[in-house]
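S.K.: Per this note's numbering, numbering of the sequence shown is gapless, rising by one per residue and ending at 372.
The C-beta atom is built at its ideal place from N, Cα and C for all residues, glycine as well.
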Amino acid sequence: MIYLDNAATTPLCKQALQEYEKFSCENFFNPSATYIQAVKVAMLLDEARARLKKCLGAKKGDIIFTSGATESNNLAVRGGAREGKWQYVFSSGEHASVNNLAHALQKEGKEVVFVPLQKSGEIDYDFLQKVLTVKTRIVSIMFVNNVTGVINDISRISKLVRRYAPSALLHVDGVQAFKKLKFNLDELDVDLFSISGHKFHAPKGVGALYVKNKAVLKNLVFGGGQEYGIRSGTENVPAIMAMVAAAEAIDEEKNFEHVQKLKNLFLSQFDDCAGVKIVGENASPYITMLLFDGVNGETLTRALEDYVIVGRGSACSAKKAGNHVLEAMGFTLNQIKGAIRVSFDASLTEKDVLQAASIIKDTYQNLLEKLK
Ligand code: PMP
Numbered sequence: 001m002i003y004l005d006n007a008a009t010t011p012l013c014k015q016a017l018q019e020y021e022k023f024s025c026e027n028f029f030n031p032s033a034t035y036i037q038a039v040k041v042a043m044l045l046d047e048a049r050a051r052l053k054k055c056l057g058a059k060k061g062d063i064i065f066t067s068g069a070t071e072s073n074n075l076a077v078r079g080g081a082r083e084g085k086w087q088y089v090f091s092s093g094e095h096a097s098v099n100n101l102a103h104a105l106q107k108e109g110k111e112v113v114f115v116p117l118q119k120s121g122e123i124d125y126d127f128l129q130k131v132l133t134v135k136t137r138i139v140s141i142m143f144v145n146n147v148t149g150v151i152n153d154i155s156r157i158s159k160l161v162r163r164y165a166p167s168a169l170l171h172v173d174g175v176q177a178f179k180k181l182k183f184n185l186d187e188l189d190v191d192l193f194s195i196s197g198h199k200f201h202a203p204k205g206v207g208a209l210y211v212k213n214k215a216v217l218k219n220l221v222f223g224g225g226q227e228y229g230i231r232s233g234t235e236n237v238p239a240i241m242a243m244v245a246a247a248e249a250i251d252e253e254k255n256f257e258h259v260q261k262l263k264n265l266f267l268s269q270f271d272d273c274a275g276v277k278i279v280g281e282n283a284s285p286y287i288t289m290l291l292f293d294g295v296n297g298e299t300l301t302r303a304l305e306d307y308v309i310v311g312r313g314s315a316c317s318a319k320k321a322g323n324h325v326l327e328a329m330g331f332t333l334n335q336i337k338g339a340i341r342v343s344f345d346a347s348l349t350e351k352d353v354l355q356a357a358s359i360i361k362d363t364y365q366n367l368l369e370k371l372k
């Protein structure tokens with residue numbers, strides 16, 4: 001079985017597993033306790049914040065550990081929101097954890113603007129420039145789209161936000177970019193940045209929110225005041241330490257080249273395959289979205305599952321009909337029906353992707369034959 005749904009989740013790496021075990025069985029103390037063993041864990045936790053900041057390329061700012069990117073995204077947007085007549089700006093391609101929150105804010109009576117996507121899958125930068133005002137409080141736009149792999153130009157977005165919306169906080173969902181693309185958070189100049197451990201070989205249920213200035217964030221839960229009072233609750237130390245170890249174990253520059261080669265090789269196998277369309281320009285090498293004409297993507301996924309595991313777009317909304325990201329790019333519901341997301345990992349080989357492409361092509365042809 002060849003696993004090509006790495007954008008949904010990844011297996012744990014050995015460095016993460018070792019750290020998880022160490023901080024579960026030996027160094028298991030509660031970092032909020034006052035005896036020396038616990039104080040040592042608290043110190044290691046603070047070191048882990050600094051280590052993660054280094055991985056993000058951030059000299060300023062703080063790290064708030066969370067239960068994953070869904071929480072980080074909610075904390076960034078709700079925690080950064082303010083009473084009064086402020087405007088909130090989102091892209092039309094955000095992950096459900098931002099998109100559904102944007103709709104909830106709208107229902108609560110807040111002014112919410114959705115920035116459309118261009119046909120290429122990137123946000124419409126001109127539209128963004130036009131809607132930004134001095135009343136904009138939050139701009140939340142993802143780095144790499146989890147459905148198409150399309151990369152938004154965060155530097156360009158941050159320049160627009162600083163120029164046209166001086167009171168705004170720029171939040172970036174960086175889940176599919178962290179440890180995959182090379183970037184530097186200080187240079188990108190963002191206020192808030194979300195990451196999720198299980199997308200880069202760390203455990204599930206752990207993530208982080210980077211915040212440039214933590215004074216801008218309100219807490220959403222009340223409790224013992226952990227994580228600077230912004231996110232109370234005993235820290236999941238084993239998962240946090242595992243996440244940081246997993247991040248440090250990845251050389252994103254080296255992986256990038258290898259994965260780009262794998263993706264190109266994989267896609268070249270579909271050059272002669274009628275009825276298959278590749279979605280998105282300027283996409284991450286880690287994700288590719290393919291539209292198969294005349295078959296249902298769900299049927300294709302199920303027909304493949306004993307041999308090749310692929311996704312449908314977003315694991316979190318895979319069961320829902322249609323797909324808001326592909327719709328925002330202008331694809332018809334009929335086209336979206338045949339959507340398959342293939343997402344790669346650096347551990348894959350050229351042989352793996354060639355074999356997977358051949359199986360996918362054969363399975364597609366067989367399904368088409370059956371439907372005749
Ligand atoms: N944002 C993006 C872009 C994602 O791909 C995901 C995971 N599907 C999330 C947020 C949610 O992350 P988590 O599973 O850690 O809640």
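Which residues in the same chain have their Cβ closer than 7 Å to the Cβ of A245, if we skip the five residues on either side of it in sequence?
M.R.: Only Q15, A16, E19 meet the Cβ criterion.
S.K.: Assign Y35 to one of two classes, buried (16 or more other C-beta atoms within 10 Å of its C-beta) or exposed (fewer than that).
M.R.: Under this definition Y35 is an exposed residue.
S.K.: Checking 7 Å against the spacing of the C-beta atoms, do G338 and F266 come in under that value?
M.R.: Taking 7 Å as the Cβ cut-off, G338 and F266 do not qualify as a contacting pair.
S.K.: DSSP on A283, reduced to helix/strand/coil?
M.R.: Reduced to three states, the DSSP call for A283 is strand.
S.K.: Let me check understanding here. Comparing Cα to Cα, which of S91, I250, L304 lies closest to A356?
M.R.: When only C-alpha atoms are compared, the closest one is L304.
S.K.: Among R162, K119, V147, V150, whose alpha-carbon lies nearest the alpha-carbon of T136?
M.R.: Comparing Cα-Cα distances from T136 to each of R162, K119, V147, V150, the minimum goes to R162.
S.K.: At the level of alpha carbons, what is the spacing between A8 and K199?
M.R.: Those two C-alpha atoms are separated by around 7 Å.
S.K.: What do you reckon, are the CB atoms on V77 and L45 nearer than 7 Å?
M.R.: Contact flag unset, no.
S.K.: Tell me the residue span of the beta strand (DSSP E) that contains V211.
M.R.: Per DSSP, V211 belongs to the beta strand (DSSP E) from 207 to 211.
S.K.: Cβ of N146 within 6 Å of any heavy atom in the ligand PMP?
M.R.: Yes, the ligand PMP has a heavy atom inside 6 Å of this Cβ.
S.K.: May I ask you to list the residues that DSSP assigns as paired with G93?
M.R.: DSSP, once it has assigned bridges, lists no residue as partnering G93.
S.K.: For the alpha helix (DSSP H) that R162 lies in, which residues bound it at each end?
M.R.: Looking at the DSSP string, the run of the alpha helix (DSSP H) that includes R162 is 154 to 164.
S.K.: Kindly indicate which residue of S92, T332, V295 has the alpha-carbon position closest to the one of Y125.
M.R.: Y125 has its Cα closest to that of S92, out of S92, T332, V295.
S.K.: Anyone know if the C-beta pair for G373 and L220 falls short of 7 Å?
M.R.: The question about residue 373 has no answer here: the residues shown for the chain are numbered 1 through 372.
S.K.: Ends of the alpha helix (DSSP H) at D62?
M.R.: Note, D62: premise wrong, no alpha helix (DSSP H); beta strand (DSSP E) at 62 to 66.
S.K.: Using the three-state DSSP reduction, which class does F114 fall into: helix, strand or coil?
M.R.: Looking at F114 - three-state DSSP - the assignment turns out to be strand.
S.K.: Under the three-state reduction of DSSP, which class applies to Y3: helix, strand or coil?
M.R.: Reduced to three states, the DSSP call for Y3 is strand.
S.K.: Just to confirm, does G408 get its C-beta within under 6 Å of one of the non-hydrogen atoms of the ligand PMP?
M.R.: What the structure shows of the chain is the stretch from 1 to 372, and residue 408 is not part of that stretch, so it cannot be assessed.
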